[in-house]
Structures are given as C-alpha cells and as structure tokens.
Ligand code: ADP
Ligand code: GN1
Ligand code: MG
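In the numbering used here, the protein residues as written are -7 to 341.
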C-alpha cells in the first residue's frame, strides 16, 4: 500500500492488496459517490455512502453482509456476488469525519450497461433479477433493517410530493403545473399494489439495468449490485423498476420526448426472462403491469418532488435534470396507459 498516494479519500484504512496506483470517480449512480481504486494487485470499488439518504449505515451494512453471505451459499462462481473488502481493523465500513465509506472487489470481466445494446442483454438482466428474487425467498426477512422506510410506498411518495407543492421553497411550482396535474390525476392508482394482499418478499427495490452486471464474455447475467435498498417489498416493485428503466426506448433523462416510449417488445422480453426465473404466484404475475406503471409514476413523482425542492436528493448534472427525468417518466406512464391491454395479455401468457 502506498500511503503517500495523493487522495482525500481514506484509502489507507481498507485492507486493499498491493500499492495504490489510482483512484477515480466511477459509474452513473444518482445516490452514492463511487470510485474505482486500482492497485498493483487488483481493482476495487470504493463508495462514500450517502448518509443523508441512508441514515442507519450500520443497519444497511448488516443487510448487505447478510444478503452477500446468503448469495455466496447459493453459488459456486465467486464473481456472481460481490465481495466486501473490510477495513484493516476488520470493520465492514470506515467512518471518519468526512463520511462513511465501504469497498468491494471490482467484479472483473463484467459489463455495466446504461442501455441494453440488444434485447438479449435486457432479457439477461431480467434473468439476473429474477434469480435474485428467487434466491431471497428463503432469506430471513426479519433480520433486515428497512434502510429507507416507505421506499416504494407510492401513497406516501404522493404525501411528500404534495408537501413540496405546498412549500414551493424556490418558486419552481409555476414552471411545472402540467407535470403536477399529470401526477395528481393518477393519485387514485397509488395504492393499487399495497391494497392487493400480495405476499411480502425480500426485494432489491432498485432494479435498474445498471444495477446488474453481465459477464463480458458470455453476456449472461453475472452479479446483482447496489444492495443498499434490499428490504421487504413486493415482486412487482423489482419487475416494475426494471421496465421503467430498461423497456424505455430512450434514456431516463432524454430531453426529446418523441424518443421515449415503453417498448412492448422489450416488455415482453423482460417479462419472459424475469418470470421464468422468479417463481411467483398468479396474483403477483397479474399485477406486474401495475408494478411497471406505479414504479414509473412514483419515480416521476420523486424526480418532480426533488425538482420543486431544489434538487437535494438525486445527483444532477444540469439545472433542469430532474425535470427532464420527470418528463420521461410521465411520458412512459402515458404510453403504458395506451398499451395497458397488451401488457396485461403478455404477462398472462
Ligand atoms: P449507486 O447507488 O450510486 O447507484 P452503485 O452501487 O450502483 O451506486 O455503483 C455505481 C456503479 O459502480 C455501478 O453502476 C457500476 O458501474 C459500478 N460498480 C459498483 N459495484 C461494482 C462492483 N463490485 N464491480 C464492478 N462495478 C461496480
Ligand atoms: C436511484 O442509486 P441509483 O442511481 O441506482 C434511486 C432509485 C431511483 C433511481 C432513478 C436509493 O438509484 O430509487 O429509481 O435513482 N435510489 C435511491 O434512476 O433512492
Ligand atoms: Mg446503482
């Protein structure tokens, strides 16, 4: 380890092998600060955990250790689940006066995609998250901390949204009347999953395409990452969030809304792969389209809330970033409403 490596991060606290050669910002996550650390022996992912969002870091790390141990028991391939790197004094994260950090081995020979390059890539992500869902069926859910309470409680997201509208702290409400109306007109659907009597499972809750790594050589699903939000939830959350992100014909922050549709063909591709792996009940399967619609609506409401509140939650790279993100989500919701009958038919099939 090269103690003099010029970096503000507490790299020397972790039990990395070899001498550190570089440490650079990495990835496209909206929440944590992620760095790629390269040493003479290996590559690592170092993350500064967003403690404004994750208030109980010890609970969060306890969840992750538990899920990784459970995954490890169920697989023989070392790359198919992440490996935590402990601190030199044996802790699962490092706390100092600049923040809380944790590290993983970099999963080598993997691909992390922000857009599926082929439908087969998207199907593989479905197989990956479906298998993850099935693997957690016998995970002791009572040992998990709720890292973000009410994370996919859509009615509660509406409550917070309406508080933001009432507060309008930086005067943005007048710019977004149309988006506000779009969201409020759909509030009646918000409790559709919560009130359906579905079985509570252990879910990932953030199943974007870039939260599953594919094997670079075979392009098969390799490793589910970003485990901060693993908590009890409904399977439709995981299915729905994947559709929201991956079945869109454009990026989450695309400005040209003509490019944004929910592709029925990608919806079908994902459904087949996810449902084949995940071993769900008939009522759960029938509510998958509702999961897609509600996860997309909810995410749009969250982006819009953050825009109104002055961009305090999601990382932005331009002033109207959260508004652009809101608009793509609402365009997708609108498109799903047009394609609703077909979505229902495809999952029943
Ligand atoms: P965020 O919560 O901010 O989205 P993630 O945990 O998803 O953070 O990590 C951000 C990015 O870092 C991922 O999209 C992926 O590119 C990369 N990454 C994270 N963990 C690993 C890992 N163990 N191996 C390889 N790449 C990783
Ligand atoms: C955030 O951390 P990341 O970028 O994978 C967010 C998700 C949103 C997503 C929208 C903890 O995910 O809930 O769906 O952005 N994660 C958290 O892209 O809020
Ligand atoms: Mg992520």
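Even glycine gets a Cβ: it sits at the ideal position worked out from N, Cα and C.
Proximity winner among the options, relative to residue i (alpha-carbon distances)
i: residue 305; options: 5, 22 and 12; result: 22
i: residue 309; options: 20, 7 and 6; result: 20
i: residue 2; options: 40, 17 and 32; result: 40
i: residue 219; options: 149, 124 and 132; result: 124
i: residue 223; options: 111, 12, 202 and 46; result: 46
i: residue 342; options: 256, 189 and 120; result: Lying outside -7 to 341, the shown extent of the chain, residue 342 is not represented and no answer is given.
i: residue 247; options: 80, 330 and 313; result: 313
i: residue 287; options: 330, 150 and 270; result: 150
i: residue 192; options: 17, 38, 209 and 134; result: 134
i: residue 329; options: 254, 272, 90 and 116; result: 254
i: residue 331; options: 185, 303 and 258; result: 258
i: residue 132; options: 116, 153, 160 and 63; result: 63
i: residue 156; options: 301, 162, 117 and 242; result: 301
i: residue 90; options: 272, 103, 42 and 50; result: 42
i: residue 95; options: 15, 210, 213 and 118; result: 15
i: residue 184; options: 285, 341 and 294; result: 285
i: residue 97; options: 140, 33 and 110; result: 33
i: residue 113; options: 82, 283 and 201; result: 201
i: residue 119; options: 108, 212 and 177; result: 212
i: residue 140; options: 242, 69, 249 and 55; result: 55
i: residue 345; options: 130, 106, 299 and 210; result: Past the edges of the chain, shown from -7 to 341, lies residue 345, and the structure says nothing about it.
8 Å Cβ shell around residue i - same chain, five flanking residues per side excluded
i: residue 339; result: 263, 267, 277, 278, 280 and 281
i: residue 307; result: 21, 22 and 23
i: residue 195; result: 125, 128, 222, 223, 224, 225, 226, 227, 229 and 230
i: residue 7; result: 77, 78, 79 and 80
i: residue 198; result: 218, 220, 221 and 233
i: residue 49; result: 41, 43, 85, 87 and 92
i: residue 186; result: 145, 146 and 147
i: residue 327; result: 252, 253 and 254
i: residue 66; result: 127
i: residue 102; result: 71, 205, 206, 207, 208, 214 and 215
Cβ-based neighbour list, residue i, same chain, cut-off 6 Å, excluding 5 preceding and 5 following
i: residue 99; result: 71, 205 and 215
i: residue 296; result: 171 and 318
i: residue 122; result: 266, 269 and 270
i: residue 148; result: 142
i: residue 53; result: 84 and 85
i: residue -4; result: In this predicted model, residue -4 has a pLDDT of only 46, less than 50, meaning its place in the structure is not dependable enough to derive any value.
i: residue 322; result: 174 and 292
i: residue 35; result: 98
i: residue 207; result: 214
Close Cβ partners of residue i (< 7 Å) along its chain, the five nearest in sequence each way excluded
i: residue 60; result: 73, 74 and 76
i: residue 334; result: 256
i: residue -7; result: Reliability fails at residue -7, whose pLDDT of 47 lies under 50, so the model's placement of it is uncertain and the value that follows must be treated cautiously. 4, 8, 11 and 12.
i: residue 239; result: 254, 255, 258, 259 and 262
i: residue 324; result: 236, 240, 252, 254 and 288
i: residue 161; result: 301 and 302
i: residue 244; result: 237, 317 and 320
i: residue 30; result: 13 and 14
i: residue 152; result: 297
Per DSSP, cross-strand counterpart(s) of residue i
i: residue 94; result: 39
i: residue 88; result: 91
i: residue 14; result: 30
i: residue 263; result: Residue 263 is not bridged to any residue.
i: residue 6; result: 79
i: residue 103; result: 206
i: residue 109; result: According to DSSP, which records beta bridges pairwise, residue 109 is partnered with nothing at all.
i: residue 25; result: 40
i: residue 254; result: 240
Check: residue i C-beta below 8 Å from any heavy atom of the ligand GTP
i: residue 308; result: Among the ligands in the structure shown, the ligand GTP does not appear; only the ligand ADP, the ligand GN1 and the ligand MG can be found there.
Those runs of the beta strand (DSSP E) which lie wholly inside the stretch 187 to 248 and span at least 3 residues: 193 to 195, 204 to 207, 213 to 216 and 223 to 225
Sequence-ordered residues whose beta carbon comes within less than 5 Å of a heavy atom of the ligand MG: 21, 203 and 218
4-residue-minimum alpha helix (DSSP H) runs that sit fully inside the stretch 306 to 330, ordered along the chain: 313 to 330
Unbroken stretches of the alpha helix (DSSP H), 4 residues or longer, contained in the stretch 105 to 193: 111 to 127, 146 to 159 and 169 to 176
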